[in-house]
Amino acid sequence: MNPARLLLVIPCYNEEAILYTTYAKLNTYYNAIKQQGLIAGDSRICFVNDGSRDKTWNIIEELCSRDPDVIGVALSRNFGHQSAIMAGLEQHMDHFDCFITIDADLQDDLNAITGMIEKHREGAMVVYGVRSDRSSDTWFKRSTAEGFYVLMQKMGVPVIFNHADFRLMDRRVLQELGNFKEINLFLRGVVPLIGFRNEKVFYNRLERQAGETKYPISKMLLFAWNGITSFSTFPMRLVLYFGFFNFLIAMGIVAYILFSFLFGYTVPGWTSTMLPLTFFSGSNMMALGLIGEYIGKIYEEVKGRPRYIIEKTVNEQIL
Ligand code: UDP
Ligand code: MG
Numbered sequence: 008m009n010p011a012r013l014l015l016v017i018p019c020y021n022e023e024a025i026l027y028t029t030y031a032k033l034n035t036y037y038n039a040i041k042q043q044g045l046i047a048g049d050s051r052i053c054f055v056n057d058g059s060r061d062k063t064w065n066i067i068e069e070l071c072s073r074d075p076d077v078i079g080v081a082l083s084r085n086f087g088h089q090s091a092i093m094a095g096l097e098q099h100m101d102h103f104d105c106f107i108t109i110d111a112d113l114q115d116d117l118n119a120i121t122g123m124i125e126k127h128r129e130g131a132m133v134v135y136g137v138r139s140d141r142s143s144d145t146w147f148k149r150s151t152a153e154g155f156y157v158l159m160q161k162m163g164v165p166v167i168f169n170h171a172d173f174r175l176m177d178r179r180v181l182q183e184l185g186n187f188k189e190i191n192l193f194l195r196g197v198v199p200l201i202g203f204r205n206e207k208v209f210y211n212r213l214e215r216q217a218g219e220t221k222y223p224i225s226k227m228l229l230f231a232w233n234g235i236t237s238f239s240t241f242p243m244r245l246v247l248y249f250g251f252f253n254f255l256i257a258m259g260i261v262a263y264i265l266f267s268f269l270f271g272y273t274v275p276g277w278t279s280t281m282l283p284l285t286f287f288s289g290s291n292m293m294a295l296g297l298i299g300e301y302i303g304k305i306y307e308e309v310k311g312r313p314r315y316i317i318e319k320t321v322n323e324q325i326l
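Next up, the structure:
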């Protein structure tokens with residue numbers, strides 16, 4: 008069996024502090040597996056610049072001029088991690104047999120790549136990189152991230168526990184992925200939906216070597232919220248439960264008002280008018296807010312905006 012043509016896709020956002028190191032490590036590893044005959048000679052490494060404001064693109068251009076095996080793709084602005092990955096993948100879909108996506112900070116262990124390629128050779132169409140040890144993450148990052156996976160699974164989103172965006176995909180899987188037209192693309196949820204034979208490789212998550220995380224707490228929460236509302240209608244069902252609960256309480260209050268009225272204890276007063284009024288208008292507002300969230304999503308999708316726009320590419324002609 009001929010070795011597969013592999014494309015490594017690395018999304019980069021303000022990664023000037025680490026890009027040279029990443030390239031050096033990646034290149035050594037890449038050449039080693041090429042020599043071992045694990046991947047084809049015309050495999051490539053693709054850096055996607057996701058609208059960085061630092062020197063990331065200059066570094067990518069320099070790497071491209073030094074090394075013909077490096078491809079550079081620059082997006083016209085910051086489109087976000089998931090879109091940057093998709094840009095690198097979709098642009099080169101027809102030229103490679105399999106694709107591995109990995110973060111620029113190399114927190115995901117490169118050595119897992121060999122395992123991924125071997126599993127692909129054995130017929131796996133998707134290979135998920137799963138973090139078996141997160142001790143290098145802070146307690147906060149670890150517990151919020153792991154809590155997130157559990158929450159997602161409980162809400163019926165088919166995410167793989169402790170798997171982020173370090174994965175191998177066969178070209179066939181990528182073609183199918185192209186049919187998911189949503190703009191709020193949450194790859195961790197969509198890829199398992201595609202199906203096909205899949206495997207896992209386990210690795211220890213390392214520390215970020217330089218630079219800082221591009222996922223501060225606000226972005227992390229937004230990402231989680233996006234993942235949940237793109238896949239699960241559970242929050243809406245919660246509104247239904249809450250509405251039912253409200254209805255029961257309302258019945259109790261109605262009974263109380265009727266009782267007071269019939270036995271002439273008191274004229275229905277200020278409290279019994281104001282209390283339900285404020286309470287129910289409040290809960291109505293909450294329900295409307297949640298419905299609005301979903302309508303907002305529909306709006307986004309209906310507009311059919313492009314997921315990314317490529318400004319320029321480097322070393323593309325050699326493919
Ligand atoms: N990233 C990106 N666009 C963004 C944010 C992040 O392309 O808007 C890239 C970033 O350069 C890195 C990867 O996504 O390669 C993961 O980001 P990071 O390592 O900061 O996340 P963490 O590991 O802290 O969750
Ligand atoms: Mg990272």
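All the letters of the sequence shown, read from the start, carry residue numbers 8 to 326 under this note's numbering.
Backbone N, C-alpha and C define an ideal beta-carbon position, used for all residues, glycine too.
Keep in mind that this is a model prediction, so the values were computed, not measured.
- In the DSSP assignment, histidine 88 falls within the unbroken alpha helix (DSSP H) covering 88-98.
- Cβ-Cβ distances below 8 Å link glutamine 89 to Asp172, Leu192, Phe193 and Leu194 in the same chain, with the five nearest sequence neighbours on each side left out; the list follows chain order.
- Rounded to whole angstroms, alanine 94 and valine 134 show a C-alpha spacing of 20 Å.
- Here isoleucine 235 carries a helix assignment [DSSP, helix/strand/coil].
- Scanning its chain for C-beta atoms nearer than 6 Å, with the 5 sequence neighbours on each side dropped, one finds around isoleucine 124 the residues Leu45, in chain order.
- With respect to the C-alpha of arginine 215, the residue from Met159, Glu189, Ile260 and Arg141 having the closest C-alpha is Arg141.
- Rounded to the nearest whole angstrom, the C-alpha separation of phenylalanine 103 and arginine 244 is 43 Å.
- Taking 7 Å as the cut-off, the C-beta of histidine 88 counts as close to a heavy atom of ligand 1.
- Straight-line measurement puts the Cα of proline 165 at about 32 Å from the Cα of glycine 79.
- The continuous stretches of alpha helix (DSSP H) do not include proline 18, which lies in the beta strand (DSSP E) extending over residues 13-19.
- Residues of the same chain with a CB within less than 6 Å of the CB of cysteine 71, apart from the 5 flanking positions on each side, are Val77, Gly79, Val321 and Asn322 in chain order.
- When DSSP states are grouped into helix, strand and coil, isoleucine 40 belongs to the helix group.
- For alanine 111, the CB falls within less than 7 Å of some heavy atom of ligand 1.
- Beta bridge pairing from DSSP links valine 166 with no other residue.
- One Cα belongs to arginine 212, the other to leucine 181, and the distance between them is close to 26 Å.
- In the three-state scheme derived from DSSP, where H, G and I count as helix and E and B as strand, isoleucine 46 is classed as strand.
- For threonine 28, the secondary structure class from DSSP, reduced to helix, strand or coil, is helix.
- DSSP lists no beta-bridge partner residue for threonine 220.
- In this structure, Asp74 is the residue among Asp110, Asp74 and Met227 with its C-alpha nearest to the C-alpha of serine 50.
- Here methionine 132 really is in contact with asparagine 205; their C-beta atoms are around 7 Å apart, less than 8 Å.
- The C-alpha of leucine 269 is placed about 58 Å away from the C-alpha of phenylalanine 147.
- Taking a 10 Å sphere around the C-beta of glutamate 22, we find 16 or more other C-beta atoms and assign the residue as buried.
- Taking phenylalanine 249 as the centre and dropping the five residues before and after it, the same chain places the C-beta of Ser290 closer than 7 Å to its C-beta, in chain order.
- Annotation for isoleucine 120: the continuous alpha helix (DSSP H) segment containing it runs 119-128.
- The count of Cβ pairs closer than 8 Å, one atom from the region 13-21 and one from the region 99-118, reaches three, so the stretches are in contact.
- The DSSP-derived three-state label of lysine 226 is helix.
- Judged by DSSP secondary structure, leucine 82 falls outside any alpha helix (DSSP H) and instead within the beta strand (DSSP E) spanning 77-82.
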